[in-house]
Structure formats: structure tokens, C-alpha cells
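In the numbering used here, the protein residues as written are 186 to 508. Report on the following structure.
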Amino acid sequence: MKRAKYVLLLLIILILIALGMVIKTLIQNKDTNDYQLKNESNTVRSTSAQNGLNRDESVKVDSNSLELGWKELGITPIQTIEGTHYTFTAFDIVNDSVVAFAESYDKNIIRFFSLNNQAFIDSIELEHIPFEIFFHNNILYILCENNIILLIKDKQVINQHIVENKNTYLFDKFLVLNDNISLLMSDGSSCYFEDGKLKNKESLVFRDAEVWVLKNSNFSFVINDNNNRIIYSYNSKEELGSITIAGGTDDIYCCIDKIYPVNPVQMARVISSSKSQFQEDLIKLPRKNYSFIKNDYRIHNDILYYLEINPDGLLIKREHLKR
186 MKRAKYVLLL LIILILIALG MVIKTLIQNK DTNDYQLKNE SNTVRSTSAQ
236 NGLNRDESVK VDSNSLELGW KELGITPIQT IEGTHYTFTA FDIVNDSVVA
286 FAESYDKNII RFFSLNNQAF IDSIELEHIP FEIFFHNNIL YILCENNIIL
336 LIKDKQVINQ HIVENKNTYL FDKFLVLNDN ISLLMSDGSS CYFEDGKLKN
386 KESLVFRDAE VWVLKNSNFS FVINDNNNRI IYSYNSKEEL GSITIAGGTD
436 DIYCCIDKIY PVNPVQMARV ISSSKSQFQE DLIKLPRKNY SFIKNDYRIH
486 NDILYYLEIN PDGLLIKREH LKR
């Protein structure tokens, strides 16, 4: 009888131990499920925030910024073997209410969108791939493959030029200096429009003089004229990369690469003006991480327009450079 009591007591103890283990397991599973649900909820919110532009509406961040999603633009980013994404080849601001994008994925086309309601407005189909576009005095300048420059007004080709003795694959950008438009090449030379004709120049034309940038050390550069006179000079605390003339009216604006000796080394692109002898960084341009657009900024009448491109779309920003 006594032995039976011990056996019964032992069974009760074992049952209690087993029951305790079951309860502990249930509690752990509940905590795990709660943790997973919490993380899934956070992930959904994070993804929703990141994909906020995957919708039909655009977002006007402020009076000088506007977000546009790829869906609105009808663009599907395509990843390249280099790891970036092809989106479009060039952009420009037509006026305060219209933006244009040049594309060459399935067709060679220039498409126009409203900056007021982000609606598609119109398009121009081209025979050749558009590399670069620029609007000046109500005329659309288009640099195409095969060394062709088209001038279009009201959707009609009003002039066509063939760039001679230059490889237009090595172009830098269209820009305007003193109300004169030029195509700047990567070597500093240019194609200059004068009296309806296209002329080759060894440099850019500013105030009836040819000017070019000369980097004379890792920390300094000068802008000379065709008489080899120094018009502007600049000495930097930071090491300099490339310096290119970006446009201007009364003053010359330059895009300057500055190298910062941190680990890893970082580079910043800044827009600066000859008005301050390039001592003041007016705007720091964003890095080109997601999609490589050769020219992700434009200068019109002392106003800078530039792009921030991301997986969901792009942000068009505007800054007044005259201060």
C-alpha cells in the first residue's frame, strides 16, 4: 500500500513536470509569434514608406521640390550589367510648368509632362537615339547619334546640323553662357551656334572671348581667356577632381568635384559661382547611385534644376543661384 502511494506520487510529479514543459513551450511560441508579427508589421510599414511613389499621385514636397514616380512617367527602370539602372538619357525643364525626358529604350522619343498636375502632355518621336536635350529661346536642341544636332520648334524640325571633326559620343553637355548656347565636349572644346551656323571652337565662348578651365594643381584651377589671361582663379582646401563650366549669365557657374580624405574617400559635387571666386558652395549635388544620367542638373537664367533619382522615382529640385 505504501509502495503504491509512492508510485502514485511519482506519477503526479511527472505529470506536473510534463505539464510545466508544455506551458513553457506554449509561452515561447506565443512570444515568437508576437515578435514575428511585430517585425512583419514593421516591414510592411517600411516597405510601404519606401514604395510610397508606386502610385498614380505625385507628391509636392515644397514649392521648390516635386516627386514623380516611375509609374507616372511610364518608365520601367532596367538594371544594367554595371549594377545601375537605365531610366532615361536626358532631361530638361521647358518652362515653369513643363519637364521633358529623352528616352531610347523601346523607341527614340522625347516626352513632355506637366509640373502642375504631372500629366503626360505630348511626345516627339525621333529617327536617331537622343543623347542630350536642352531648351533655349523656345527651341529644343537635341544631340543625336551619328553626330546630328536637331533644332525643333512646335514639333517641327527647323534646322539640322552635322557635327564635324568631333566624336559626339564624347560630349559633356549643352549649356548657355551669355544667352549663347554651346555643346561642350569632354576635352573642353565646343560646338558654338552663331548666325544660324554651327562652328567648332577650341573652348567655350563667354563675353565674346573663348574661355576654358585649367587645373594647375590638385588644389587649384584658373579660367583663362584666349589671350591666356586669367579671368578667375580658385584655391581649395580640399583636393579637387574634375571642374566643368556649367553655364551662366553675368557670372560663370562651375560644377566642382571635391575630394575628402576620410576612410573611405568621399567625393562631393558642388555648384559654385565666379561671383564669389568659387569660394562658396551654392549647392551640393546628390550622388548618382541608382541611375546614371550624364547630366542630372540644368541651369536656366540663374536657376538650378537637379534630380535625385531612387528606386521609386525621382525628385526634381529647384534652387536660385543668384544671391
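Think of the CB as a built atom: it goes at the ideal place given N, C-alpha and C, for glycine as much as any other residue.
Residues that DSSP places opposite residue i in a beta bridge
| i | result |
| --- | --- |
| Leu369 | Lys358 and Ser375 |
| Gly498 | Gly254 and Asn495 |
| Ile347 | Ile333 |
| Pro315 | Cys329 |
| Ala304 | In the DSSP output, where bridge partners are listed per residue, Ala304 has none listed. |
| Ile309 | Ile295 |
| Arg483 | Tyr490 |
| Val283 | Asn280 and Ser299 |
| Asp509 | No statement about residue 509 is possible, as the shown extent of the chain runs from 186 to 508 and does not include it. |
| Glu288 | Ile294 |
| Phe320 | Leu325 |
| Lys340 | In the DSSP output, where bridge partners are listed per residue, Lys340 has none listed. |
| Tyr271 | Ile263 |
Reduced DSSP secondary structure (H/G/I, E/B, other) of residue i
| i | result |
| --- | --- |
| Ser388 | coil |
| Leu258 | helix |
| Lys507 | coil |
| Lys460 | helix |
| Leu222 | Because Leu222 carries a pLDDT of 28, less than 50, the predicted location of this residue cannot be relied on, and the following value inherits that uncertainty. The answer is helix: DSSP assigns Leu222 an H, G or I state. |
| Thr210 | Caution applies to Thr210, whose pLDDT of 48 falls short of 50 and renders its modelled position unreliable; the value that the coordinates give is listed next. The answer is helix: DSSP assigns Thr210 an H, G or I state. |
Buried versus exposed call for residue i [16 or more other C-beta atoms within 10 Å across all chains shown]
| i | result |
| --- | --- |
| Ser233 | Confidence at Ser233 is low in this model, with a pLDDT of 29, below 50, so its placement is unreliable and no value can be given for it. |
| Met452 | exposed |
| Pro315 | buried |
| Ser374 | buried |
| Asn293 | buried |
| Tyr354 | exposed |
| Thr261 | exposed |
| Glu387 | exposed |
| Arg240 | The pLDDT assigned to Arg240 is 31, lower than 50, so where the model puts this residue is not dependable; a value taken from the coordinates is nonetheless given after this. Counting Cβ neighbours within 10 Å, Arg240 comes out exposed, since fewer than 16 surround it. |
| Glu379 | exposed |
| Gly432 | buried |
| Ile334 | buried |
| Asp277 | buried |
| Asn480 | buried |
| Leu489 | buried |
| Tyr491 | buried |
| Phe359 | buried |
| Gln462 | exposed |
Residue i CB to nearest heavy atom of the ligand GDP below 8 Å
| i | result |
| --- | --- |
| Gly432 | With respect to the ligand GDP, the structure shown offers nothing to examine, as it has no ligands at all. |
Exercise. Counting Cβ pairs, one atom from each stretch, are 3 or more of them under 8 Å apart for the stretch 402-421 and the stretch 340-357?
Worked result: no
Exercise. Which full runs of the beta strand (DSSP E) of 3+ residues lie inside the stretch 391-447, going along the chain?
Worked result: 394-402, 405-410, 415-420, 424-432 and 438-445
Problem set entry | Meets three-Cβ-pair contact criterion under 8 Å: the stretch 490-500 and the stretch 410-423 | no
Exercise. Taking contact to mean at least 3 C-beta pairs separated by less than 8 Å, is the stretch 406-416 in contact with the stretch 389-398?
Worked result: yes
Exercise. Is there contact between the stretch 261-274 and the stretch 465-478, where contact requires at least three CB pairs shorter than 8 Å?
Worked result: yes
Exercise. Is it a yes or a no for the stretch 246-260 touching the stretch 456-472, going by three-plus beta-carbon pairs under 8 Å?
Worked result: no
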